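Notes follow once the structure below has been shown.
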Amino acid sequence: SQTIHQWPATLVQPVGSPLSLECTVEGTSNPNLYWYRQAAGRGLQLLFYSVGIGQISSEVPQNLSASRPQDRQFILSSKKLLLSDSGFYLCAYKRGLTDTQYFGPGTRLTVL
Amino acid sequence: DAKTTQPNSMESNEEEPVHLPCNHSTISGTDYIHWYRQLPSQGPEYVIHGLTSNVNNRMASLAIAEDRKSSTLILHRATLRDAAVYYCILTQPMNRDDKIIFGKGTRLHILP
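Respectively, the protein sequence lines represent chains Y and V.
Residue numbering for the first sequence follows the working numbering, beginning at 1 and increasing consecutively.
Residue numbering for the second sequence follows the working numbering, beginning at 1001 and increasing consecutively.
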């Protein structure tokens, strides 16, 4: 069976500090990977998606970046956090030939 | 991208059926209709999907209009645990670059 992990589960960071959120998937190979953000009381916003190692597509211009150094690893980063970066960050994967996305448990980020 | 329209919120009594509508008048022939739900402080959870025919699974049923321009998610007997935001989404799973764009969804309230 497949599983998806995200860490940390919660994070409190000061404005201007760097960020690194990690997502890993087990039990499947060559998945599509996605990063979403959900601000408080808002819907889910697609930030990045990747169809393969080193391949990143950005949906929204911002101070965040994503990388996929390994097939089942997806990293969300920032050099300097803004207050507006606070939110619930969700990683998701989709298996190659199926039509469902599976979401991780999320990371709740608070920028102070 | 094809988009969907859902009511902002709905209310239902516990142990009664719930019909959640979704309009997707610009759906293309290759779009699948997906439903996800998000419980508080959790990532979205897959509920059901379909292409043309009605679908049933252990969680819900999906009724798709003959012209595919609308669909209805049916919860046969709502429980308090079904209180969540329900998202109706169009996807193209055979497209390697397929990405899910979440709208605002319908917030379902279940009254005891």
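From the three backbone atoms N, C-alpha and C, an ideal C-beta is built for every residue, glycine too.
All values reported here derive from a predicted model rather than from experimental measurement.
- Annotation for A92(Y): the continuous beta strand (DSSP E) segment containing it runs 87–94.
- For the 9 Å CB-CB criterion, I1064(V) and G1050(V) form a contact.
- Between the stretch 1073–1081 of chain V and the stretch 14–25 of chain Y there are fewer than three C-beta pairs closer than 8 Å, too few to call the two in contact.
- In this model, N1054(V) and L112(Y) are separated by some 48 Å (Cα to Cα).
- Between I1033(V) and Q101(Y), the alpha-carbon positions lie close to 13 Å from each other.
- Within its own chain, the residues whose Cβ lies closer than 7 Å to the Cβ of S17(Y), once the five positions on either side in sequence are excluded, are L81, listed in chain order.
- Counting C-beta pairs with one atom in each stretch, the stretch 1001–1016 of chain V and the stretch 63–75 of chain Y have fewer than three that are closer than 8 Å, which means they do not touch.
- Contiguous beta strand (DSSP E) elements confined to the stretch 16–96 of chain Y occur at 19–26, 32–38, 44–52, 55–58, 64–70, 73–78, 87–94, taking only those with 3 or more residues.
- As a beta-bridge residue in DSSP terms, V1055(V) pairs with L1062(V).
- The beta-bridge partner set that DSSP reports for N1013(V) consists of L1111(V).
- When rounded, the separation of the alpha-carbon atoms in H5(Y) and P105(Y) is 7 Å.
- In the three-state scheme derived from DSSP, where H, G and I count as helix and E and B as strand, L1075(V) is classed as strand.
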